[in-house]
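Just below is one structure, and these are the notes that go with it.
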Amino acid sequence: MTDMPYQSHPARRLDATMERPGARRAVIAAALLFLGIFLFLPLVSVFFEALRQGVGHYVSSVLEPDALAAIRLTLTVAAIAVPLNMLFGIAASWAIAKFEFRGKSFLITLIDLPFSVSPVIAGLIYVLLFGAQGFLGPWLSAHGIEIVFALPGIVLATIFVTFPFVARELIPLMQEQGTDEEEAAISLGASGWQAFRRITLPNIRWGLLYGVLLCNARAMGEFGAVAVVSGKIRGITNTMPLHVEILYNEYNFAAAFAVASLLALLALLTLALKSFLEWRHGEHIAGAVRH
Amino acid sequence: MAHGLTIPNPLRLSRPSIIPGYGLTMGLTITYLSLIVLFPLVGLVVKSTSLGWVEFWRLALDDRTLAAVRLSVSAAFGAALINLVFGVLLAWVFTRYSFPGRKLLDAMVDLPFALPTAVAGIALTAIYAPTGWLGGLAAMVGWKIAYTPLGIVIALTFIGLPFVVRTVQPIIEDLERDVEEASATLGASRLQTLRRVILPTLAPAALTGFSLALARGIGEYGSVIFIAGNLPYESEIAPLLVVIRLEEFNYAAATAVGAVMLAISFAMLLAINLVQAWSRRRYAND
Chain E
1304 MTDMPYQSHP ARRLDATMER PGARRAVIAA ALLFLGIFLF LPLVSVFFEA LRQGVGHYVS
1364 SVLEPDALAA IRLTLTVAAI AVPLNMLFGI AASWAIAKFE FRGKSFLITL IDLPFSVSPV
1424 IAGLIYVLLF GAQGFLGPWL SAHGIEIVFA LPGIVLATIF VTFPFVAREL IPLMQEQGTD
1484 EEEAAISLGA SGWQAFRRIT LPNIRWGLLY GVLLCNARAM GEFGAVAVVS GKIRGITNTM
1544 PLHVEILYNE YNFAAAFAVA SLLALLALLT LALKSFLEWR HGEHIAGAVR H
Chain S
-8 MAHGLTIPNP LRLSRPSIIP GYGLTMGLTI TYLSLIVLFP LVGLVVKSTS LGWVEFWRLA
52 LDDRTLAAVR LSVSAAFGAA LINLVFGVLL AWVFTRYSFP GRKLLDAMVD LPFALPTAVA
112 GIALTAIYAP TGWLGGLAAM VGWKIAYTPL GIVIALTFIG LPFVVRTVQP IIEDLERDVE
172 EASATLGASR LQTLRRVILP TLAPAALTGF SLALARGIGE YGSVIFIAGN LPYESEIAPL
232 LVVIRLEEFN YAAATAVGAV MLAISFAMLL AINLVQAWSR RRYAND
């Protein structure tokens, strides 16, 4: 034990590629200060403000009928938008990863497009299509179909902003896995569907879960796109993020932060699951989704 | 695909495959992509052209629109610069140093991607308002952060925080220590090695992260509107102006501002693709 200090040669050898301890400590301190101010303070303040007027007020803010209606709507929207984008993501990655065709990278760029567009524009385009003054507005109102300021519009805007998540995760993963296993299965007489279910799906399941997780977090938390198409009718077309805004603008801060804290918990849960998947199944995840 | 068709089809298989399902999955992909993304976006373009050339430019070059677009772009630029510096720093700290809680902090960097923007917006406002924790400190020295353009930069810094970290981190992980050792052996100080050897290697990835953060910041809405103050010509961002025009039922003006923002998005997308192509070439050569 006494000769421990003399065994530190490998570490000493690396000194040339290390900063001096003082500099290292200063850089770490700067990093911690930045993260403290920009990440932890906002997160802590959500829960601090939510509980400022006591647990009783917190619970009643969350269980109030308009808040419950907002929670229900958010869950409904995610329950429609996420599976649709999941099916699309699987179909798109099958077509793109398992086959060779011209225009592939252009198609991938188009799939990524919603990430580059402001959420407000995502809402605007549906208002221009389906709103009262929109292209299809007169026809829709003549047939009594409501899209904008109703559930379909909220779902459409949510689908738009979460469009690339699953596809973006699955395409590089399936490209990396190649086509050998599926080709072998099909030569041995499996149908395309059997090859997908028995071979592809097990291979991509963790990546799929990862994509769905991120897609769901964004779907439940989307604000800008949904704000434009929802009309913000209390208890009817208010999602949770919109309900937060309304309470906040009414100076009902504790209630706004109470509902916001539920969304913050969802974000923390998403991060925890995401880290778990990266740690446990990292080799089955492309991790290309960085939005 | 039909036999004997001579029309050039960019999506036609360039190599035959025994795997079935191409027609079905490609058909689904194109249909869904067109219905959800392409047709609605084309609708915005068609609507702007229907305004007529003169009317469109009158609305797009309106003083208030220009002020809002300038603010969105410059605040996003400022925030992306802050993130460029701290992103590289954080990526370095997470990959090269070990200290308690490092893994947890590394995972937490993705919080801005996971936290709904409205939640981030009200939380940042609570902190930077004159009555808040940091806003109160700033007020003591006579500074105002929330309800000014500075507040917008703060919100966009939060939103763009993960981009540079996540683009630079894998590059630092792959750095060859030999090069640093060689540099040190040849007599370079550590600072010279960092500046002359390491930073140039990280530059393409950092620039990619910077442009991603910039693009995100220009279009950002939810986290900004609470902290911004939203005074026309002063602290009103472009996406908010779109919302205001829609609430006034001024669809023409909303369309014009929207088209300008869409054009900026496409320009940014092109820039990002160019930066990424350059970046990939650089790292492929190394």
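Chain order of the listed sequences is E and S.
Those letters in the first sequence? Residues 1304 to 1594, per our numbering, in order.
Those letters in the second sequence? Residues -8 to 277, per our numbering, in order.
Heads up, the beta-carbon is just placed ideally off N, CA and C, and yes, glycines get one too.
_Tell me the DSSP secondary structure of Glu167(S) in three-state form._
coil
*Please check the pair Val251(S) and Val45(S), which I expect to be a contact at CB under 8 Å, by giving their CB distance rounded to whole angstroms.*
Not really, about 16 Å apart at Cβ, beyond 8 Å.
*Taking DSSP as the reference, what is the three-state secondary structure of Phe1404(E)?*
strand
*What does Asp101(S) touch in chain E if you count any residue whose Cβ is under 8 Å from its own?*
Leu1574, Lys1577
*Measure from the alpha carbon of Ala1398(E) to the alpha carbon of each residue in Val33(S), Thr16(S), Thr158(S), Thr199(S), then state which is nearest.*
Thr16(S)
*asked:* Using CA atoms only, rank isn't needed, just tell me which of Ala194(S), Leu141(S), Ala268(S) is closest to Gly220(S).
replied: Leu141(S)
*What is the residue span of the alpha helix (DSSP H) that Arg272(S) lies within?*
242 to 276
*asked:* Using the three-state DSSP reduction, which class does Leu1335(E) fall into: helix, strand or coil?
replied: helix
*Are the C-beta of Asn264(S) and some C-beta of chain E separated by less than 9 Å?*
yes
*Ala67(S) CB to nearest chain E CB: under 9 Å?*
no
*What are the boundary residues of the alpha helix (DSSP H) that includes Arg6(S)?*
No alpha helix (DSSP H) contains Arg6(S), which is instead part of the beta strand (DSSP E) from 4 to 6.
_Outcome for Thr1482(E) when other beta-carbon atoms lying within 10 angstroms are tallied against a minimum of 16_ = buried
*Give the interface partners of Gly1406(E) over in chain S, defined as CB-CB distance under 8 Å, in chain order.*
Pro1, Leu2
*Boundaries (first-last residue) of the alpha helix (DSSP H) holding Val1583(E)*: It is Arg, not Val, that sits at residue 1583(E) in the sequence shown. From DSSP, the alpha helix (DSSP H) with Arg1583(E) extends over 1556 to 1584.
_Using 9 Å as the threshold, is the C-beta distance between Val64(S) and Ile255(S) below it?_
yes
*Quick one: list the residues of chain E neighbouring Ser202(S), beta-carbon separation under 7 Å, in chain order.*
Ordered by position in chain E, no residue passes the 7 Å Cβ test against Ser202(S), which lies about 11 Å from the chain.
*Quick one, which of Leu1376(E), Ala1334(E), Arg1327(E) has its alpha-carbon nearest Ala1522(E)'s?*
Leu1376(E)
_Partners in chain E for Pro11(S), counting only beta-carbon separations shorter than 7 Å_ = Gly1495
*Mind checking if Ser5(S) is an interface residue toward chain E, Cβ cutoff 9 Å exclusive?*
yes
*Fully enclosed by the stretch 1 to 88 of chain S, which alpha helix (DSSP H) runs are 4 residues long or longer?*
13 to 24, 30 to 41, 44 to 51, 54 to 87
*Could you check how far apart the C-beta atoms of Thr56(S) and Val248(S) are, in whole angstroms? I think they sit under 8 Å.*
5 Å
*Candidates Gly127(S), Ala114(S), Ala173(S), Trp134(S), of which the one nearest Ala146(S) by Cα*: Ala114(S)
_Quick check on Gly249(S) - is its C-beta less than 9 Å from some C-beta in chain A?_
No chain A is present in this structure, whose protein chains are E and S.
*From Glu225(S) to Tyr242(S), what does the alpha carbon distance come to, in whole angstroms?*
23 Å
_Through-space distance from Trp1509(E) to Ser1490(E), alpha-carbon basis_ = 27 Å
_chain E residues whose Cβ lies nearer than 9 Å to that of Pro230(S)_ = Ser1421, Pro1422, Val1423, Ile1424, Gly1527
*Please classify Leu1479(E): is it buried, with 16 or more other beta-carbons within 10 angstroms of its beta-carbon, or exposed?*
Looking at the sequence shown, residue 1479(E) is not Leu but Glu. Per the 10 Å Cβ criterion, exposed.
*Assign Met131(S) to one of two classes, buried (16 or more other C-beta atoms within 10 Å of its C-beta) or exposed (fewer than that).*
exposed
*Could one say the Cβ of Met1389(E) lies closer than 9 Å to chain S's Cβ atoms, at least one of them?*
no
*For chain S, find out if any of its Cβ atoms is closer than 9 Å to the Cβ of Gln1645(E); answer yes or no.*
Given that chain E is displayed from residue 1304 to residue 1594, the structure contains no residue 1645(E) and the question cannot be resolved.
*DSSP three-state call for Thr148(S): helix, strand or coil?*
helix
*What are the boundary residues of the alpha helix (DSSP H) that includes His1546(E)?*
1543 to 1552
_Rounded straight-line distance, which links the Cα of Leu1413(E) to that of Thr40(S)_ = 22 Å
*Which class does Met1321(E) belong to by DSSP, given the choice of helix, strand or coil?*
coil
*Check whether the stretch 1379 to 1389 of chain E touches the stretch 1449 to 1463 of chain E, taking contact to mean three or more Cβ pairs, one atom from each stretch, closer than 8 Å.*
yes
*Does the separation of the CB atoms of Arg1405(E) and Pro7(S) fall below 9 Å?*
no
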